[in-house]
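Here this note's numbering is used: the first residue of the sequence shown is 3, the next is one more, and so on. Notes to accompany the following structure.
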Amino acid sequence: RFKMMVDSMELIQKKIAALGATNEGIINDLLQGPATIITSYKYSLSLVNDFSVVTANPVRTKRSHLLRRWRASQDFVLQPLEDTFNDQINLSCKSFADIRRLNTQLPSVARKYNLFGDNPHASVLKILKALQNNLELLQVALGQVQESIVDEEVDERQEMQAEIDAADALLDKAIEAY
């Protein structure tokens, strides 16, 4: 029975380390993407040689601005932690900056519990499990950040088709008027 508790602590520590590393990879991907993202298009209509031409001009927004202004669409209520090591971690998770901060702090706290050695108490396992759950919630929040940036990127093929459809409609009207 005692061996099972040690294995559980080791397993939880491995999961925490893996979650922290995965989250860090997602964070780095979000930070290192294209500097600007197409968030919308402005269309202009001009007359060239008696033909109407629709032009789509992309509106770009800095990636850093989108990440800075991102806010969680839901409250990510992280499990409270016993502050054994007096880390005074603020568990508020509302912004991308909060996610980054917590993803650094939570694995760091988990590693401190290795000081308890091979004899963890049930309370230590409970705290480690709460840390693991909190890191899993951070991963869900990171998924929301990724979706918000992808959602704001406009699929160029769809935009091209919209341009073609608008030009076709104008051409149809011109033919009807003639």
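C-beta: ideal position from N, C-alpha, C; glycine also.
Local Cβ density within 10 Å of residue i, reported as buried at 16 or more and exposed below that
i    : result
Q15  : buried
M6   : Reliability fails at M6, whose pLDDT of 47 lies under 50, so the model's placement of it is uncertain and the value that follows must be treated cautiously. With fewer than 16 Cβ atoms within 10 Å of its Cβ, M6 is classed as exposed.
V111 : buried
V147 : buried
I177 : exposed
L104 : buried
L47  : exposed
Y180 : exposed
D100 : buried
Span of the beta strand (DSSP E) around residue i
i    : result
V55  : F53 to K64
L104 : It is not in any beta strand (DSSP E) - L104 instead sits in the alpha helix (DSSP H) that spans F98 to K114.
I91  : That residue, I91, is in no beta strand (DSSP E); it is neither H nor E in DSSP.
V50  : T38 to V50
Assumed close pair residue i, residue j - CB separation to whole angstroms, cut-off 8 Å
i    : j    : result
L144 : I29  : 7 Å
N136 : L173 : No, N136 and L173 are not in contact; Cβ-Cβ is about 58 Å, not under 8 Å.
S125 : W72  : In fact, because the Cβ distance is near 35 Å, the residues do not count as touching under 8 Å.
T24  : Q107 : Contact flag wrong, Cβ pair sits at about 16 Å.
Y45  : V55  : Contact doesn't hold; Cβ gap of about 11 Å is too wide.
Distance between residue j and residue i (C-alpha atoms, nearest Å)
i    : j    : result
L49  : D170 : 15 Å
G27  : L21  : 10 Å
L93  : L83  : 9 Å
D77  : K96  : 7 Å
F53  : Y43  : 22 Å
M11  : P109 : 14 Å
G119 : R113 : 11 Å
A168 : D31  : 36 Å
I166 : L68  : 30 Å
L13  : R65  : 37 Å
F4   : K128 : Residue placement at F4 is poorly supported in this model, since its pLDDT is 49, which falls under 50; the coordinates still yield a value, given next. Spanning the two alpha carbons is a distance of roughly 16 Å.
F98  : A164 : 33 Å
D85  : R70  : 29 Å
K175 : R102 : 54 Å
V152 : Q34  : 14 Å
P122 : A19  : 18 Å
A74  : L117 : 35 Å
Worksheet item: Within the chosen definition, does the stretch 48-62 reach the stretch 89-102 through at least 3 CB pairs nearer than 8 Å?
Response: Under the three-pair Cβ rule at 8 Å, the stretch 48-62 does not count as touching the stretch 89-102.
Discussion item. Quick check: the stretch 127-134 against the stretch 36-45, are at least 3 beta-carbon pairs closer than 8 Å?
Written reply: Too few Cβ pairs lie closer than 8 Å, so no.
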